[in-house]
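Q: The structure that follows is given in the form of structure tokens.
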């Protein structure tokens, strides 16, 4: 499956502490879960052992909500650190 991100989306990922590789790995091998409004979510945890916004975290969780639109998917990406 080909996965590509719009340049704007790619730039926004960095602002939230995720990378394009994180999103692709989540889509390819993330845990599926039912999301609101009948959508599909994918979730994957990554070891990060780093600092984000002045706090040290050991895990970064990336969630991707996939919504079919126009023959493709629109992805919403959520990033949590804990």
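In the working numbering, the protein residues as written are 15 to 96. Backbone N, C-alpha and C fix where the C-beta goes; we use that ideal spot for every residue, glycine too.
1. Does the Cβ-Cβ distance between residue 44 and residue 58 come in under 8 Å?
2. Within 10 angstroms of its Cβ, does residue 32 collect 16 or more other Cβ (buried), or is it exposed?
3. Can you grab the Cα-Cα spacing for the pair residue 47 / residue 23, in whole Å?
4. On the DSSP letters alone, give me the boundaries of the beta strand (DSSP E) that residue 79 sits inside.
5. Look at the alpha carbon of residue 50 and the alpha carbon of residue 79, and state the distance between them as a whole number of angstroms.
6. Please go through the same chain and pick out, in chain order, the residues whose beta-carbon is closer than 6 Å to the beta-carbon of residue 19, but skip the five residues on each side of it.
7. Roughly how many angstroms lie between the CA atoms of residue 67 and residue 16, to the nearest whole one?
8. To the nearest angstrom, how far is it from the Cα of residue 95 to the Cα of residue 81?
A: In short:
1. yes
2. buried
3. 23 Å
4. It spans 69-83 - the beta strand (DSSP E) in which residue 79 sits, taken as one unbroken run.
5. 9 Å
6. 34
7. 33 Å
8. Near 24 Å, if we compare the C-alpha coordinates of residue 81 and residue 95.
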